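Residue numbers (this note's numbering): 14 to 192.
Every residue gets a Cβ at the ideal spot worked out from N, C-alpha and C, and that includes glycine.
Keep in mind that this is a model prediction, so the values were computed, not measured.
The block underneath contains the structure these notes are about, expressed in structure tokens.
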């Protein structure tokens, strides 16, 4: 009941939500491209982040930091500073299609994204750059990505019924399901 006050600050259906690592914040994204930040203990809306121009596909707090990552069907990845309530850098671009999925490595140093363009991108959080684009593993939209706990491997799954495992360091396709 405590969380019920002030939870009507979205202007559209809420599609995704994520907890901060310490559980004190919730981020939620709606169909109107807004990300609302909520204080769990107080049970109220703190502020809204705006910066995407299409539906937000994923959100996640970076481990051990005050940063939030969002991806969108506007082809961008945004890193937000939760303290300043603003983008930490310009939106990052690397996909030629809508971003459908995102995963953050357990150490918070790497972000992996998947797209309808059939590619998987690996991003360096600290430098805020695209490290590599992984292509050739999927024949259809990539709808899920994951980082191994070691950070050495990346997995991706596609609409085309395939699962691929890649080396995060080299970008080499290590194996693909069905082969």
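Neighbourhood of residue 54 by C-beta, 8 Å cutoff - its chain only, sequence neighbours within 5 removed: Locating residue 54 in the chain shown gives position 41, where the first residue counts as 1. The answer, listed in chain order, is 37.
Nearest-angstrom Cβ-Cβ length linking residue 105 and residue 89, presumed shorter than 8 Å: As a position in the chain shown, residue 105 is number 92, starting the count at 1. As a position in the chain shown, residue 89 is number 76, starting the count at 1. Contact holds; Cβ gap of about 6 Å.
At least three beta-carbon pairs within less than 8 Å, the stretch 118-128 to the stretch 67-78: yes
Contacts around residue 116, its chain only, beta-carbon distance under 6 Å, and the 5 residues preceding and following it disregarded: Here residue 116 corresponds to residue number 103 of the chain shown, with the count starting at 1. If we look at residue 116 and ignore the five residues flanking it on each side, its Cβ neighbours are 125, 158, 159 and 160.
Identified DSSP bridge partners for residue 100: For the purposes of this step, residue 100 is taken as the residue at position 87 of the chain shown. DSSP lists 93 as partners of residue 100.
Of the residues 92, 151 and 191, the one placed nearest residue 139, counting alpha carbons only: The residue you call residue 139 lines up with position 126 of the chain shown. Here the closest residue by C-alpha is 92.
Residue 24 classed as buried or exposed, judged by whether at least 16 other C-beta atoms fall within 10 angstroms: Here residue 24 refers to the residue found at position 11 when the chain shown is read from its first residue. It counts as exposed.
Sequence-distant residues of the same chain with beta carbon closer than 6 Å to residue 223, five excluded per side: Absent from the model: residue 223. The displayed extent of the chain is 14 to 192, so no value can be given.
Beta-carbon spacing of residue 148, residue 108 below 8 Å: By one-based count along the chain shown, residue 148 stands at place 135. By one-based count along the chain shown, residue 108 stands at place 95. No, the pair does not count as a contact, with Cβ atoms beyond the cut-off.
Unbroken beta strand (DSSP E) run spanning residue 60, endpoints: Along the chain shown, read from residue 1 onward, the residue named residue 60 stands at position 47. Run containing residue 60: 57-63, per the beta strand (DSSP E) assignment.
Selection from 175, 49, 173 and 156 that minimises the alpha carbon distance to residue 1: Only positions 14 to 192 of the chain appear in the structure, and residue 1 is not among them; the question remains open.
Proximity below 8 Å, CB of residue 180 to CB of residue 165: Taking the first residue of the chain shown as position 1, residue 180 is located at position 167. Taking the first residue of the chain shown as position 1, residue 165 is located at position 152. Yes.
Residue 108, enclosing beta strand (DSSP E) - first and last residue: Your numbering for residue 108 matches position 95 in the chain shown. Counting along the chain, residue 108 falls outside any beta strand (DSSP E), and DSSP gives it neither H nor E.
First through last residue of the beta strand (DSSP E) which encompasses residue 47: Along the chain shown, read from residue 1 onward, the residue named residue 47 stands at position 34. 47-52 is the extent of the beta strand (DSSP E) around residue 47.
Closest residue to residue 63 among 118, 170 and 40 (Cα-Cα distance): To locate residue 63, count along the chain shown from 1; it is residue 50. Cα-wise, what sits closest to residue 63 is 40.
C-alpha gap between residue 156 and residue 30, whole angstroms: Locating residue 156 in the chain shown gives position 143, where the first residue counts as 1. Locating residue 30 in the chain shown gives position 17, where the first residue counts as 1. Looking at the two C-alpha atoms, the distance is approximately 18 Å.
Residue 137 - partner residues in DSSP beta bridges: Looking up residue 137 in the chain shown gives position 124. DSSP, once it has assigned bridges, lists 123 and 142 as partnering residue 137.
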